[in-house]
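**Student:**
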Ligand SMILES: [Mn+2]
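Numbering (the numbering used here), first residue to last: 7 to 471.
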């Protein structure tokens, strides 16, 4: 059975349902997944409602209704099947649409999971779209949201673009007309909303000496190139608005800068996904900024607002989402400053800091990623924070970069192994992972992670993506 068979079986299960409850995750992938499926299902004339959860744990199960509806677990569920079973859910009333590793379980829940078929670079939103298209070819307009979910889950990161079925979906969007694929564009965040020097100053993938980490230095660099950086009315242009010639000039200057410092240039250019039906100079205009907007909604526990934006609400919901995005940035800046002011404790293969209860545990991972470029970026960073709703539990967020990945680092493996040994649980991706551990085991956990990282660094001398 291939993925296509799973998709057909999943779509048939949905078609047979009298009503559907979607239980989805609150991040960009979970929100876009929910909005794709909820729209596709209601277009079939089937009543559908949605529940969002931060993670599928015993406490969250109370939000899963005990009724006759088909329970559609999306962007979660594969790894928590025993919990579904313990909650009394039967195989007949459940469909799991997920891209996380499956947990062995006695009850054989039906799953649509791309990992089962060897596709690692596709998110739940990609699967949701494939189901939607199987339900009705007219759902091709929803491909755009699947691109947002895939990019939000970092599926385009390693390869500087989407690959495999996830890219096929982007092509669907291009065929429909609400996605534009730019095959060779600047691989940098903020190309639709930020002045170019801010984009470059904040970017560290690839790290460009004399530019990354300083918007002032980036501006001086650009000013020497004789390109037009401001509009006639005096405001800064965003990257997307620059002329083709000026973009070419800047990219070749950046390439030269990398070469001059003996760095590889491969990650400077990537494939990016633009949305021509969205207003210019807004975060809705490209996949990565759209995903950040949805993540901001999730982190402020307002996933429904993100979902409304996905369904096309450009009124109140969009205004609320934009406000959350702005606050999000302000608090992340504060967190970043706190990390830099407090300083990290360095071990041989790891650096860490404890932020206590000063910041919502939902954002510390982002702060960790940003701090890494300003600290010794050779060592993965680990940030601990107090869970506001459960002070006995410490939330751990770990981040690293492509440099360390190419040397064998795998944070997901490190978090899973080390947390298991102290009675916690971990997961995530190679480049970004997290764990929940008992508060009193913090030091033991950190030492264990350090040892795992040491093994990883030494086990592999070189690797290329
Ligand atoms: Mn996901």
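The beta carbon of each residue, even a glycine, is placed where N, CA and C say it ideally should be.
Just so it is clear, the structure is predicted and the values come from calculations on it, not from any experiment.
Once the 5 residues before and after residue 431 are set aside, which same chain residues still bring their CB inside 6 Å of it?
**Tutor:** Working through the chain shown from its first residue, we reach residue 431 at position 425. So the qualifying residues of the chain are 425, 442.
**Student:** What is the DSSP secondary structure of residue 264, reduced to helix, strand or coil?
**Tutor:** In the chain shown, counting from the first residue as 1, residue 264 sits at position 258. The answer is helix: DSSP assigns residue 264 an H, G or I state.
**Student:** Please output, in chain order, the residues near ligand 1 using a CB cut-off of less than 5 Å to any non-hydrogen atom of the ligand.
**Tutor:** Listed by chain position, these are 35, 81, 129, 130, 159.
**Student:** With a threshold of 7 Å on Cβ separation, who are the neighbours of residue 448 within its own chain once the five nearest residues in sequence on each side are excluded?
**Tutor:** One-based indexing of the chain shown puts residue 448 at position 442. Correct list, in chain order: 390, 400.
**Student:** The beta strand (DSSP E) that contains residue 192, what's its start and end?
**Tutor:** Within the chain shown, the letter at position 186 stands for residue 192. 186 to 192 is the span of the beta strand (DSSP E), which, as asked, contains residue 192.
**Student:** With burial defined as no fewer than 16 other Cβ atoms inside 10 Å of the residue's Cβ, what is the status of residue 77: buried or exposed?
**Tutor:** Against the chain shown, residue 77 aligns to sequence position 71. Counting Cβ neighbours within 10 Å, residue 77 comes out buried, since at least 16 surround it.
**Student:** Taking 8 Å as the cut-off, decide whether the C-beta atoms of residue 176 and residue 153 are in contact.
**Tutor:** Within the chain shown, the letter at position 170 stands for residue 176. Within the chain shown, the letter at position 147 stands for residue 153. Yes, Cβ-Cβ distance for residue 176 and residue 153 is below 8 Å.
**Student:** Going by beta-carbon coordinates alone, are residue 127 and residue 85 separated by less than 8 Å?
**Tutor:** Taking the first residue of the chain shown as position 1, residue 127 is located at position 121. Taking the first residue of the chain shown as position 1, residue 85 is located at position 79. The answer is no: Cβ separation not under 8 Å.
**Student:** State yes or no: is the C-beta of residue 235 nearer than 7 Å to some heavy atom of ligand 3?
**Tutor:** The model depicted lacks ligand 3 and carries ligand 1 instead.
**Student:** Please classify residue 250 as buried or exposed, where buried requires at least 16 neighbouring CB atoms within 10 angstroms.
**Tutor:** Position 244 of the chain shown, counting from 1, holds the residue named residue 250. Result: exposed.
**Student:** For residue 309, does the three-state DSSP call read helix, strand or coil?
**Tutor:** For the purposes of this step, residue 309 is taken as the residue at position 303 of the chain shown. In this structure, residue 309 counts as helix in the three-state DSSP scheme.
**Student:** Against chain E, does residue 332 count as a neighbour if the rule is that its beta carbon must be under 8 Å from one of theirs?
**Tutor:** No chain E appears in this structure, which consists of one protein chain only.
**Student:** Start and end of the alpha helix (DSSP H) containing residue 408?
**Tutor:** Here the question's residue 408 lines up with position 402 in the chain shown. That run of the alpha helix (DSSP H) goes 408 to 411.
**Student:** If you draw a straight line from the C-alpha of residue 163 to the C-alpha of residue 157, how long is it?
**Tutor:** For the purposes of this step, residue 163 is taken as residue 157 along the chain shown, with counting starting at 1. For the purposes of this step, residue 157 is taken as residue 151 along the chain shown, with counting starting at 1. Cα-Cα distance, rounded: 8 Å.
**Student:** When the Cα of residue 113 is compared with those of 137, 63, 87, which residue comes out closest?
**Tutor:** Along the chain shown, one-based indexing puts residue 113 at 107. Among 137, 63, 87, the Cα nearest to that of residue 113 belongs to 87.
**Student:** Quick one: residues in its chain with C-beta nearer than 6 Å to the C-beta of residue 302, no 5 flanking neighbours on either side, listed in chain order?
**Tutor:** On the chain shown, residue 302 is found 296 positions in, with the first residue counted as 1. Within the same chain, residue 302 has close Cβ partners 330, 331, 334.
**Student:** Is residue 30 helix, strand or coil by DSSP?
**Tutor:** Numbered from its first residue, the chain shown carries residue 30 at position 24. Residue 30: strand per DSSP, three-state reduction.
**Student:** So, using beta-carbon positions, are residue 43 and residue 134 closer together than 8 Å?
**Tutor:** Within the chain shown, residue 43 is the residue found at index 37, counting from 1. Within the chain shown, residue 134 is the residue found at index 128, counting from 1. Yes. Within cutoff.
**Student:** How would you write the range of the alpha helix (DSSP H) that residue 20 sits in, first residue to last?
**Tutor:** Mapped onto the chain shown, residue 20 falls at position 14. Per DSSP, residue 20 belongs to the alpha helix (DSSP H) from 9 to 22.
**Student:** May I ask you to report which of helix, strand or coil DSSP gives residue 398?
**Tutor:** Position 392 of the chain shown, counted from the start, is the residue given in the question as residue 398. It is a strand residue.
**Student:** Let me check one thing: in DSSP terms, what residues is residue 338 bridge-paired to?
**Tutor:** Position 332 of the chain shown, counting from 1, holds the residue named residue 338. DSSP lists no partner for residue 338.
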